[in-house]
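Since the structure comes first, as structure tokens, the remarks are kept for the end.
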Amino acid sequence: MSVFKTSIHGQHLRGIPRIKPAFTSTFSLQLQKRPLHSPRPRDLNMAKINTPIPSLKLNDGTSIPMLGYGTGTAWYKTGDESTVDRKLVECVKTAIGLGYYHLDGAEVYKTEPELGLAIKESGVDRSKLFITTKVMHNVGDPVTALKTSLKKLQVDYVDLYLIHAPYFASNDPKDPTNNDPAKLQKAWAAMEQLKEAGLAKSIGVSNYLIPDLESTLKTAKVVPSINQIEFHPYLQHGDLIPFQKKHGIATAAYGPLTATTKAKPGPVDEIYSALAKKYAVSEGEIALRWTIDSDVVAITTSSKEQRLSDYLRAATFKLTPKEVEEIGKLGLQKHFRGFWGNKFTEDNKL
785 MSVFKTSIHG QHLRGIPRIK PAFTSTFSLQ LQKRPLHSPR PRDLNMAKIN
835 TPIPSLKLND GTSIPMLGYG TGTAWYKTGD ESTVDRKLVE CVKTAIGLGY
885 YHLDGAEVYK TEPELGLAIK ESGVDRSKLF ITTKVMHNVG DPVTALKTSL
935 KKLQVDYVDL YLIHAPYFAS NDPKDPTNND PAKLQKAWAA MEQLKEAGLA
985 KSIGVSNYLI PDLESTLKTA KVVPSINQIE FHPYLQHGDL IPFQKKHGIA
1035 TAAYGPLTAT TKAKPGPVDE IYSALAKKYA VSEGEIALRW TIDSDVVAIT
1085 TSSKEQRLSD YLRAATFKLT PKEVEEIGKL GLQKHFRGFW GNKFTEDNKL
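Counting with this note's numbering, you get residues 785 to 1134 for the letters of the sequence shown.
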């Protein structure tokens, strides 16, 4: 049982320092006027206020919003990419309208056309958006792959381009050519070329472990700006993040809500519940805030407008250092990987 204790009285948003992000995105938070001490309803009415989304400065000077909208997971296409999913287009437009200016896509998701349509139809100036996409199937030629992605996205450049995974040689995790250092180095050299050509403002990697980063860094002229990985209390990656910090590589998280969705019940349930009451938010918002307060960019998604609006409350408060530490300690009591399980051994704790 957790020894964490907290008072839920009179703590909501008091004494919290104002966040001053380098990125200028703001979002519209939707609140309902209600009597003092009444229960917080889930069907909130719309009353907009502007709150800045915090940002993280990468090693190349690029500022990335620390809360992004993802077009993978539930949106992942298995069929014909040419068939437009209008529901996704509308959901992305809704997200942009709420203030999610950090948009995360990938070649393998097959949703770049929808992302491009949503960006165009939103009417938001390109310069205000932070667009990420990733290469995997065509990693042998990232320059050509990115040019194809740019056409689908209907933009001239992306803010961040990632190698989606180091295990791109085949679908067999036991294939000895997977994670081959020479292939990783060749792929990264091509990434450096497209950055120099101005096709991507920043370049990084995804799903890399320490050996993959070490191989890449041996020949890299440009240090990867970020590594996007599955990250939550039950998958904290041991020495990986300290290794990245040592080399100036930031971290982004997919699956930051895993402890509140796929991995229940678990050792962080009690503290998430207590903190949700303390800050008058949901457990999902606590999960997102823990990610941000761990200096990790959080990528989330939903098809529900109200839920997306709720998630943005993660930018309106901060956990205390003790709360961040306690969640991390409790999370170490359980190991859970929600994605790419076939690419890692069962006892892999990274």
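Backbone N, C-alpha and C fix where the C-beta goes; we use that ideal spot for every residue, glycine too.
Since the structure is predicted, the reported quantities are computational estimates derived from the model, not experimental observations.
Per-residue DSSP class, three states only, for residue i
i, result
"P950", "coil"
"E1014", "strand"
"K841", "strand"
"I1033", "coil"
"L997", "helix"
"H821", "Legend: pLDDT at H821 = 35, less than 50; position of this residue unreliable, no value from coordinates given."
"L1019", "strand"
"V1080", "strand"
"T835", "strand"
"T932", "helix"
"Y754", "Nothing about residue 754 can be read from this structure; the chain reaches only from 785 to 1134."
"V927", "helix"
"P805", "Low confidence applies to P805: its pLDDT is 41, below 50, so where it sits in the model is not reliable enough to give any reading."
"Q1090", "helix"
"F811", "Low per-residue confidence applies at F811: pLDDT is 46, beneath 50, and the placement is therefore not dependable, though the value from the model is reported in the following sentence. Strand."
"Q977", "helix"
"R826", "For R826, the pLDDT reaches just 40, beneath the cut-off of 50, and the residue's location in the model is therefore unreliable, leaving the point undetermined."
"K1048", "coil"
"S911", "helix"
"L900", "The sequence shown places Gly at residue 900, rather than the Leu named in the question. Helix."
"P1008", "coil"
"Y1056", "helix"
"T1075", "helix"
"K894", "coil"
"A1043", "helix"
"G881", "helix"
"S906", "helix"
"V939", "coil"
"T867", "coil"
"A1064", "coil"
"Q816", "Bear in mind that the predicted position of Q816 carries a pLDDT of just 38, short of 50, making it unreliable; the figure below should be weighed with that in mind. Residue state, collapsed to three classes: coil."
Residues bridged to residue i [DSSP beta-bridge criterion]
i, result
"D888", "G854 and T916"
"I848", "L840"
"S986", "L944"
"Y1038", "E1014 and I1083"
Within 8 Å, strictly: CB atoms of residue i and residue j
i, j, result
"K894", "E874", "no"
"G889", "T917", "yes"
"Y945", "L930", "yes"
"I880", "S911", "no"
"D1079", "L1103", "no"
"F1120", "L1041", "no"
"L1096", "A1082", "no"
"N843", "S1009", "yes"
"A974", "D943", "no"
"E1067", "A1060", "yes"
"L1092", "L882", "yes"
"S933", "E891", "yes"
"T846", "K985", "yes"
"A1098", "L913", "no"
"E898", "L872", "yes"
"K1118", "G1039", "no"
"V1006", "G1032", "no"
Supposed close pair residue i, residue j - CB separation, criterion 8 Å
i, j, result
"G988", "L937", "Wrong, their Cβ atoms sit about 17 Å apart, outside the cutoff."
"A971", "V923", "5 Å"
"Y853", "L887", "6 Å"
"T1075", "A1037", "5 Å"
"V1052", "P1017", "5 Å"
"F1015", "T1035", "7 Å"
"T1100", "T835", "5 Å"
"H948", "V908", "Between V908 and H948 the Cβ distance is about 26 Å, and since that is not below 8 Å, they are no contact."
"L978", "F1027", "About 25 Å; that fails the 8 Å criterion."
"T1044", "Y1063", "T1044 to Y1063, Cβ: 15 Å. No contact."
"V876", "A902", "3 Å"
CB contact check: residue i to chain C, cutoff 8 Å
i, result
"K1118", "As a matter of chain content, chain C is missing from the structure shown, which is built from one protein chain."
Can you list the beta strand (DSSP E) stretches of 3 or more residues lying completely in the region 1092-1120, in chain order?
-> none
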